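Residue numbers (full-length UniProt numbering): 3 to 246. Note that the Cβ used here is the ideal one computed from N, Cα and C, for glycine as well. Computed from a predicted model, the values in this text were never measured in an experiment.
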Ligand code: ATP
């Protein structure tokens, strides 16, 4: 564990039409890790996730060079729904994407719909409700009446219920009060300890470096720094630019 690359991104060049967003980035996520991708607005964090999830042009970016593999398999030709069903990779997008007109429980049920291992469902509901007691209390409440933090929790619960083993999280701290943010990252850590491998994109370097094992820093489409979370926390350049 923790030394076999699960996701590998090599020399990835990505553009939107004539606009270049990623300029040859390389990084990897090992089985069992929490890896953070840090960077300011516009650095290319969401684009990296979209390139992995294969959202096609015109909305999605075009990969012009480089490769992405998952357990050695080329992901570039694989559409997003297959990533979930066949590869066990799930995306928790920025802005949550839950079903507002459905209850918490219905949202979780829908997420588990395509699973073939139905025998594990009861245990997984238990697990989600023990990780997120707030969701348990609100299981019959409509999604659109949840607070922002609760919606983010539901989005993570949905990823868990879909049975994936690898999740991509886009800015989970976005718009959350500090205490909720800590709570969310603590749960993320627990999900990781329960066997989930996690790639998390974050503008909030402080919280990401507290919970991740390793991190990469993106600037204007290039990875400019990488290392263990501890090394980056102690790096003067990171402290000045991202933790100040
Ligand atoms: P943020 O934290 O603000 O979400 P980010 O690091 O996720 O930023 P991206 O959204 O990946 O950054 O954007 C990277 C670059 O690509 C930016 O210069 C952005 O303007 C550009 N870009 C993103 N989406 C598109 C699009 N659909 N069409 C054209 N350019 C885009």
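Quiz item: Name the DSSP bridge partner or partners of residue 115?
Solution: DSSP output for residue 115 lists no bridge partner at all.
Practice problem: Could you check the C-alpha separation between residue 106 and residue 156 for me, to the nearest Å? | Solution: So the two alpha carbons sit approximately 7 angstroms from each other.
Quiz prompt | C-beta atoms of residue 215 and residue 36 nearer than 8 angstroms | solution = Going by C-beta atoms, residue 215 is nearer than 8 angstroms to residue 36.
Quiz item: In whole angstroms, what is the alpha-carbon distance linking residue 126 and residue 209?
Solution: Separation of residue 126 and residue 209 (C-alpha to C-alpha, rounded to the nearest whole angstrom) is 27 angstroms.
Self-check item: Contacts around residue 191, its chain only, beta-carbon distance under 8 angstroms, and the 5 residues preceding and following it disregarded
Solution: Here the set comprises 36, 213.
Self-check item: Neighbourhood of residue 248 by C-beta distance below 6 angstroms, restricted to the same chain and skipping five residues each side
Solution: This structure gives no information on residue 248, because the portion of the chain shown stretches from 3 to 246.
Self-check item: Residue closest to residue 44, alpha-carbon to alpha-carbon, out of 239, 237, 203, 28
Solution: The shortest C-alpha separation from residue 44 is found at 203.
Quiz item: Assuming residue 102 and residue 68 make a contact with CB atoms under 8 angstroms, what is their CB distance in whole Å?
Solution: That belief does not hold up - the Cβ atoms of residue 102 and residue 68 are roughly 37 angstroms apart, past 8 angstroms.
Practice problem: Ignore the nearest five residues each way along the sequence and tell me which others in residue 230's own chain have a CB closer than 6 angstroms to its CB. | Solution: So the list reads 216, once near-sequence residues are dropped.
Exercise. Leaving aside the five residues before and after residue 3 along the sequence, list all residues of the same chain whose C-beta is less than 7 angstroms from its C-beta, in chain order.
Key: Confidence in residue 3 is poor, its pLDDT being 49 and thus under 50, which makes the residue's placement too unreliable to answer from.
Exercise. Would you list, in sequence order, the uninterrupted alpha helix (DSSP H) runs of no fewer than 4 residues that lie entirely inside the stretch 185–240?
Key: Fully enclosed alpha helix (DSSP H) runs of 4 or longer: 207–213, 231–235.
Quiz prompt | Unbroken stretches of the alpha helix (DSSP H), 4 residues or longer, contained in the stretch 105–179 | solution = Whole alpha helix (DSSP H) segments, 4+ residues: 106–113, 123–133, 135–139, 150–163.
Quiz item: Hey, residue 62 and residue 220: beta-carbon distance below 8 angstroms or not?
Solution: At least 8 angstroms separates the beta-carbon of residue 62 from that of residue 220.
Quiz item: Is DSSP giving residue 100 helix, strand or coil here?
Solution: If DSSP states are grouped into helix, strand and coil, residue 100 belongs with coil.
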